[in-house]
Amino acid sequence: MRIIVAKDYDDMSRKAANIMAAQIINKPDCVLGLATGSTPIGLYKNLIKGYEDGDLDFSAVKTVNLDEYRGLPKENDQSYYYFMHDNLFDHVNIDPANTHLPDGTEPDSAKACSEYEKTIASVGGQDIQLLGLGHDGHIGFNEPCDEFVQETQCVDLTEMTIEANKRFFASADDVPKQAYTMGIGTIMKAKKILVVVSGADKADIVKASFCGPVTPQVPASILQFHPDVTVVLDEAAAAKIK
Ligand code: F6R
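When we follow this note's numbering, the leftmost residue of the sequence shown carries the number 72, and every step to the right adds one.
Spelled out as structure tokens, the structure:
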């Protein structure tokens, strides 16, 4: 595991974007595993700039996203489909047919999850998987639990996650209570993993995830067992690690 400490959010975003950009340049038809949330927004802005400057070509790139709220239609501005179009896809020359997220509108959760596993396999798996880190150590929407779940699953969001995500909705009651998420095994199969974390409020969970024992109670701790992980932190998020 490589840990890079960046000065601040902008520096973190630029450094992490450079790693994604290198992947796209080295393998123009690569499969990017993507994340939503606040943390990757600056990274996506840097990728858009790379495209506008003529340095990055997304025409052959394929993407698979980590997760999607169950029950939100694509056109809902809080769906992760909407987020990805708004923050990246609509601003680069990616073919929308090459972009994939779990189908939040599929009511049959077993079907939604197995279809998504097939989709990920059909594109060949992630060359690089981008991850943010939840305050409870969740990656994707894999919340703390008693065992690491392997494949794409339907999860009940914890109170902590609903509380953290309510800032995007009119109220906590409007936050969907379930999501479809890649499983821990699906994430761990990525060839490379890139984690971005920013802010003093994540310093404790950064320490627990990357310096503490590996346990499903801290889902991100499993990343210590992946052979090719780069974690890019800003100084505030890195404050509690040596
Ligand atoms: C997003 C995702 C989540 C977030 C995590 C951190 O697709 O799966 O695990 O990465 O909740 O979110 P932010 O970046 O908003 O702190």
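Here a beta-carbon is modelled for each residue, glycine too, at the ideal position from N, C-alpha and C.
| Item | Value |
| --- | --- |
| Would you tell me roughly how many angstroms separate the C-alpha atoms of residue 326 and residue 98, rounded to the nearest one? | The requested residue 326 is not part of the displayed model; the chain covers only 72 to 313. |
| DSSP state of residue 256, grouped into three classes? | helix |
| Looking at the strands, I want to know which residues DSSP matches up with residue 134. | 103 and 170 |
| For residue 262, I'd like the list of residues in its chain whose CB is within less than 6 Å of its CB, leaving aside the five on either flank, ordered along the chain. | 198 |
| Quick check on this structure: which residue in 309, 312 and 301 has the alpha carbon closest to the alpha carbon of residue 90? | 301 |
| Closer than 8 Å by C-beta to residue 86: which residues in its own chain qualify, once you throw out the five before and the five after it? Chain order, please. | 75, 77 and 303 |
| Distance check for residue 204 and residue 343, CA to CA, integer angstroms please. | No answer is possible for residue 343: it lies beyond the span of the chain, which begins at 72 and ends at 313. |
| Using only CA atoms, which one of 193, 230 and 216 lies nearest to residue 248? | 230 |
| Skipping 5 residues on each side, what residues in its chain have a beta carbon closer than 8 Å to that of residue 56? | Since the first residue of the chain shown is 72 and the last is 313, residue 56 is not available in this structure. |
| Give every residue of the same chain whose Cβ lies closer than 6 Å to the Cβ of residue 129, excluding the five residues on either side of it in the sequence, and list them in chain order. | 163, 164 and 165 |
| Go ahead and label residue 73 buried or exposed: buried means 16 or more other beta carbons lie within 10 angstroms of its beta carbon, across all protein chains shown. | exposed |
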